[in-house]
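Presented below is the structure to which this report refers.
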Amino acid sequence: MRSQSIASRFLVWFAVLFVLIAVQGGGLQWTINKHQNLFKETLTRKECYVGLKDALYQHNLWLRSFEENEGVSDASPLAGTEGLGCAFSGWLSSTDPMEGDLIAEIKTTHSEFHESAELAESYFESGNRVQGMAVVNGEMKRLSNILGEKMYSYGKAVDQEISLLKDKIEQFKRIQSTFLYLLTFTLIMAAGMIYVNLKNCIINPLSEISESLKRVNVGDFSLSVAAPCKNDEIKSLSKSFNEILKPLEKERVLRDSLKIMAGGYNLDSILNRLLDLFIARGDAAAAAVYLPEEKSGDLKLIAVRPSPDYWAEDVIKMDGSCIGPTSVSCGNVFLSRGEEGWNGVFSEEADCKFAAGFPITYQESLLGYIFLGSNARVTGYQVDFYTDIASQLGVTLKNIKHFNATQAIAKKLEKNNRILDSQKRYMEAVLRSSVEGIYSVDKDCRVRTWSNGAEHITGYKAEDIIGGRCGDFLTHSDTEGNILCDTEQCIFAVLNLGGDDYEAREMLVKTRKGFRIPCMVSAAPIKDEFGQTIGTVGVFRDISKEKENIRKIKQASEAKSEFLSIMSHELRTPLNSILGFSELLGEGVAGELNEKQKRYVNNILYSGGHLLSLINDILDISKIEAGKMEWETSSFDLVQTAGNSMVMLTERAERSGINLELDIQEEEIIVKMDERKIKQILYNLLSNAVKFTPEGGRAGLRVKNKGEKLYLEVWDEGVGIPREKMDMLFEPFVQLDGSLRRKHEGTGLGLHLVKRMVELGGGSIRPESTLGEGSRFIVEFPNEVFDGA
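Residue numbers for the sequence shown follow the working numbering, beginning at 426 and rising by one.
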């Protein structure tokens, strides 16, 4: 159907209205004319009837005069009239009869009356009065009465006709009023319809357009114009206006969305405000944003409107479907209630008919999804709008991620700066307080830091040396006086060439006054993030006093050793005599001894032997400390030596009820070692095992030859050693518990001597112990000890 313009539509309306008004106006005019004609006819009848009555009255007067005068006389009211001078005759001759027969009868009777009057007048003229009066009183009065009756009938007919005319006039008045009412109603209805049509089709849309223009002027493009009229210019104008508003509204909402997305880096706030904007637009009744979880990559519900109850799952599995998208190729998702996949997004409580999903992407990478639920399909520019929003949100998510990463880096940098600042203050404090010389140089050997200790040792102030070349101030040489600066042996040359830490070594450092003082110097390279050496930090310590103290300690140690050696010899000479004579007494050389005397002699022998062992231990320690003890190797059978060591303690073990066990798989093990020291090592370890094993316990020795190494293992089921005191085992003159010293005699030198002798022979010793269960001491020697190795 072709579209009608407003002008053509209103022409049709005005044509219909004109026809209605013309018909009603014509009818009204007809009723008016009819009413006027009836009114004129009624007036004519009334005038005719009045004239008739007047004429009849004149006629009666004429009859009375005729009777009185016995004929027509000059004094008669009818004198001078033509013929008989009858007014009734004049009325009859001048009036168009309307009642037909009745008027004809009246005329006939009236003619007969006048004929009788002529007859009577002829009698009166002839002098025949009696005969004339007889005619008057007889025929003329009879005809006058008949004429009166006819006139009465005529008057009655005229009255009836006038009454009918009046009824018709009233009827036409009512018809005229009806036409007036209809015309008025038609005009009112036409005016109302024209007003409603104008209001709906022109005024309201124009008002809405005006209101929209006002809101557009302040930046609000959300108000669209309805077009209630069909197929007219206003509808076209409204549609065109709405089409203009759509991109403007899209641009405004995009601008608002961008403002939200650019309004900070709080992801929850941005997503919730965006969803509020979507709901406020009216495009959706429900909205949600899903973002991938870091570990599984599944889509997790992050933000939702109006309620989480609308949504089926908190997590949408990435199962390859478009409701669990695995790539951007799935694109936009459109669903209807009941369609496959609907229940994967919305719950039964969701009051929505349609769903739309838009992928949040960044550089072809899927970052999440926006889902909308509505009662109308999202189509047209809305799809473009939400696609643009999702794309921009992808940029925002990346920006937030980068911002958070930047913040993390900034916090880390801030933390590192605080650490560096703290370290700087710490280093400054170290540089201020340290008595050691601390300095750093760059790759060009220019001094960058110089501590108070360095100032004190060398005499160079920091302000004098910082920035200068190290070799111009800090000249160092080896212990023989050879200058090392600017040589391959220089600390900085070694480290700059990629060397590792420069281990501490003694050097001579030249002071500002020209003295060379002995210092212990160490250094380490400063490397950049690529592992390249960019400088060196060094530490030097004045060891002049230490060297002097060492010299004095060495002298004192030598004097002590000399003293102990002399004293030991001085003590051993009489002690050996005492032990010798005691043995002779015990053997009865001087005579038989009683039990009491034997007990005294045994006590002398035991105590003297213990004292001799102590003196020997002290002499051994003195030799070791003086560097005079040597490892004297010779070939011997270790199996036999081990057996002899066991025999030396067998009697003692039996007295304590301790079972000594020897475990050696080989019949012979020939080694090149110091036999006397090996025997002393085994004796000391086995003596401790017997000493600390309770009565009825077990102890023993295992010898293992594994080809590459030789193992000597002494074990016991004694009291065990606490873990926290293991490090004190090999300290001289130390026993782990004062109660043990009281219960078990000893000086605490045995294990110390064992360790020193084992290390002198190139071996090692390690203890293993469980408190309350016993201990093991494992001595390990390399394969060089085997004869022929």
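Positions of the beta carbon are idealized from the N, C-alpha and C atoms, including for glycine.
>> Determine whether the beta carbon atoms of Y794 and L724 lie at a separation below 8 Å.
In response: Taking the first residue of the sequence shown as 1, we reach residue 794 at position 369. Taking the first residue of the sequence shown as 1, we reach residue 724 at position 299. In this structure, L724 lies closer than 8 Å to Y794 by Cβ.
> How many angstroms separate the CA atom of E1198 from the CA atom of K1116?
Replying inline: Residue numbering aside, residue 1198 sits at position 773 when the sequence shown is read from its first letter. Residue numbering aside, residue 1116 sits at position 691 when the sequence shown is read from its first letter. Approximately 15 Å, taken between the alpha carbons.
>> Quick check on this structure: which residue in M1182, L1178 and L1154 has the alpha carbon closest to the alpha carbon of P1192?
In response: As a position in the sequence shown, residue 1192 is number 767, starting the count at 1. Ranking M1182, L1178 and L1154 by Cα distance to P1192 puts L1154 first.
> Just checking my contact of S1047 with L1000 at CB under 8 Å: how many whole Å lie between their CB atoms?
Replying inline: On the sequence shown, position 622 is the one that residue 1047 refers to. On the sequence shown, position 575 is the one that residue 1000 refers to. Between L1000 and S1047 the Cβ distance is about 17 Å, and since that is not below 8 Å, they are no contact.
> What does a CB cutoff of less than 6 Å around R762 pick up in its chain, not counting 5 residues either side in sequence?
Replying inline: For the purposes of this step, residue 762 is taken as the residue at position 337 of the sequence shown. Once the five neighbours on either side are set aside, the close Cβ partners of R762 are K778.
>> Buried or exposed, going by whether 16 or more other CB atoms sit within 10 Å of the CB of D1045?
In response: Here residue 1045 refers to the residue found at position 620 when the sequence shown is read from its first residue. So D1045 ends up on the buried side.
> Counting along the chain, where does the alpha helix (DSSP H) carrying A1114 start and finish?
Replying inline: Taking the sequence shown and counting its residues from 1, the one referred to as residue 1114 is at position 689. Note, A1114: alpha helix (DSSP H), E1100 to K1116.
> Given a threshold of 16 other Cβ atoms within 10 Å of its Cβ, counted over all protein chains shown, does A398 qualify as buried or as exposed?
Replying inline: Given that the chain is displayed from residue 426 to residue 1214, the structure contains no residue 398 and the question cannot be resolved.
>> I'd like the list of long-range same chain contacts for E530, defined as Cβ closer than 7 Å, with 5 residues on each side in sequence excluded.
In response: By one-based count along the sequence shown, residue 530 stands at place 105. Closer than 7 Å at the Cβ level, and outside the excluded window around E530, lie K575.
>> Bridge partners for N1130 per DSSP, in chain order?
In response: On the sequence shown, residue 1130 is found 705 positions in, with the first residue counted as 1. Beta-bridge pairing links N1130 to L1135.
> Just checking, does the region 1084-1103 make contact with the region 1178-1187 on the three C-beta pairs under 8 Å criterion?
Replying inline: Touching, yes, given that three or more Cβ pairs across the two stretches are closer than 8 Å.
>> Quick test of your reading: V1096 and L1037, contact by CB under 8 Å. State the CB separation rounded to the nearest angstrom.
In response: The sequence position of residue 1096 within the sequence shown is 671, counting from 1. The sequence position of residue 1037 within the sequence shown is 612, counting from 1. Taking 8 Å as the upper bound for CB-CB distance, V1096 and L1037 are not in contact here, some 28 Å apart.
> Sorted by chain position, which residues of the same chain lie with C-beta nearer than 7 Å to V866's C-beta, five sequence neighbours on each side aside?
Replying inline: Position 441 of the sequence shown, counted from the first residue, corresponds to residue 866. The residues are V872, R873, C895, F917, G960 and T961.
> Is D1062 closer than 8 Å to E1093 when the C-beta atoms are compared?
Replying inline: For the purposes of this step, residue 1093 is taken as the residue at position 668 of the sequence shown. For the purposes of this step, residue 1062 is taken as the residue at position 637 of the sequence shown. In contact: E1093 and D1062 (Cβ atoms closer than 8 Å).
>> Would S876 and G892 be called neighbours here (beta carbons separated by less than 8 Å)?
In response: The residue labelled residue 876 in the question sits at position 451 within the sequence shown. The residue labelled residue 892 in the question sits at position 467 within the sequence shown. Between S876 and G892, the C-beta gap is not smaller than 8 Å, which leaves the two residues out of contact.
> Can you tell which of F940, A1078 and S1194 has the C-alpha that lies nearest to the C-alpha of P1119?
Replying inline: Within the sequence shown, the letter at position 694 stands for residue 1119. Selected option, being the one with the closest Cα: A1078.
> Excluding five sequence neighbours on each side, which residues of the same chain lie with their C-beta closer than 7 Å to the C-beta of R857?
Replying inline: Taking the sequence shown and counting its residues from 1, the one referred to as residue 857 is at position 432. Cβ within range, chain order: N877.
>> Using only the alpha-carbon positions, how far apart do M1054 and L1178 sit?
In response: Here residue 1054 refers to the residue found at position 629 of the sequence shown. Here residue 1178 refers to the residue found at position 753 of the sequence shown. Rounded to whole angstroms, M1054 to L1178 spans 12 Å at the Cα level.
> Which of helix, strand or coil does DSSP assign to L1030?
Replying inline: For this step, residue 1030 is matched to residue 605 along the sequence shown. Helix, per DSSP.
> In its own chain, which residues sit with a C-beta less than 7 Å from the C-beta of I1215, not counting the 5 before and 5 after it?
Replying inline: A query on residue 1215 cannot be resolved here, the shown segment of the chain reaching from 426 to 1214 and no further.
>> Do L1107 and L1137 have their beta-carbon atoms positioned less than 8 Å apart in this structure?
In response: Sequence index remark: in the sequence shown, residue 1137 carries index 712 (1-based). Sequence index remark: in the sequence shown, residue 1107 carries index 682 (1-based). Closer than 8 Å, so yes.
> Roughly how many whole angstroms lie between the Cα atoms of T533 and L468?
Replying inline: As a working note, residue 533 is residue 108 in the sequence shown. As a working note, residue 468 is residue 43 in the sequence shown. Distance from the CA of T533 to the CA of L468, rounded to the nearest whole angstrom, comes to 27 Å.
> Nearest CA to the CA of K1131: which residue from G1125, N1109, A1114 and I1089?
Replying inline: Here the question's residue 1131 lines up with position 706 in the sequence shown. Looking at G1125, N1109, A1114 and I1089, the one whose alpha-carbon comes closest to that of K1131 is I1089.
> Starting from M1182 and walking both ways along the alpha helix (DSSP H), at which residues does that stretch end?
Replying inline: The residue given as residue 1182 occupies position 757 in the sequence shown. G1175 to L1185 is the span of the alpha helix (DSSP H), which, as asked, contains M1182.
> What are the boundary residues of the beta strand (DSSP E) that M1071 is part of?
Replying inline: Sequence index remark: in the sequence shown, residue 1071 carries index 646 (1-based). No beta strand (DSSP E) contains M1071, which is instead part of the alpha helix (DSSP H) from L1063 to R1080.
> By a C-beta neighbour count over all protein chains shown, 10 Å radius and 16 as the cutoff for buried, is H535 buried or exposed?
Replying inline: In the sequence shown, residue 535 corresponds to position 110, counting from 1. Per the 10 Å Cβ criterion, buried.
> alpha helix (DSSP H) containing D889: first to last residue?
Replying inline: In the sequence shown, the residue the question calls residue 889 occupies position 464. Membership of D889 in the alpha helix (DSSP H) is indicated by the continuous run A887 to I890.
> Taking Cβ to Cβ, would you say I968 is nearer than 8 Å to E928?
Replying inline: For this step, residue 968 is matched to residue 543 along the sequence shown. For this step, residue 928 is matched to residue 503 along the sequence shown. No. Outside cutoff.
>> I need the straight-line Cα distance from E983 to N974, nearest angstrom please.
In response: As a first step, residue 983 is located in the sequence shown; it is residue number 558 there, counting from the start. As a first step, residue 974 is located in the sequence shown; it is residue number 549 there, counting from the start. Computed Cα separation, rounded: 14 Å.
>> Among the candidates M992, L700, A781 and A713, whose CA atom is the shortest distance from the CA of V808?
In response: In the sequence shown, residue 808 corresponds to position 383, counting from 1. Looking from the CA of V808, the closest CA among M992, L700, A781 and A713 belongs to A781.
> Which value, in whole angstroms, describes the spacing of the CA atoms of G1082 and V946?
Replying inline: Counted from its first residue, the sequence shown places residue 1082 at position 657. Counted from its first residue, the sequence shown places residue 946 at position 521. Looking at the two C-alpha atoms, the distance is approximately 59 Å.
>> Please state the DSSP three-state secondary structure of P502.
In response: Position 77 of the sequence shown, counted from the first residue, corresponds to residue 502. Annotation note: pLDDT 41 at P502 (below 50); position unreliable, coordinate value reported separately. Here P502 sits in coil by DSSP.
> For T786, does the count of other Cβ atoms within 10 angstroms reach 16, so buried, or fall short, so exposed?
Replying inline: By 1-based counting over the sequence shown, the position of residue 786 is 361. Under this definition T786 is a buried residue.
> Of the residues A728, V583, A710 and C944, which one's Cα is nearest the Cα of L716?
Replying inline: The count along the sequence shown starts at 1 and reaches residue 716 at position 291. The shortest Cα separation from L716 among A728, V583, A710 and C944 belongs to A728.
> So who's on the other strand from C387, going by DSSP bridges?
Replying inline: In the structure displayed, the chain extends from 426 to 1214; residue 387 sits before or after that span and is not available.
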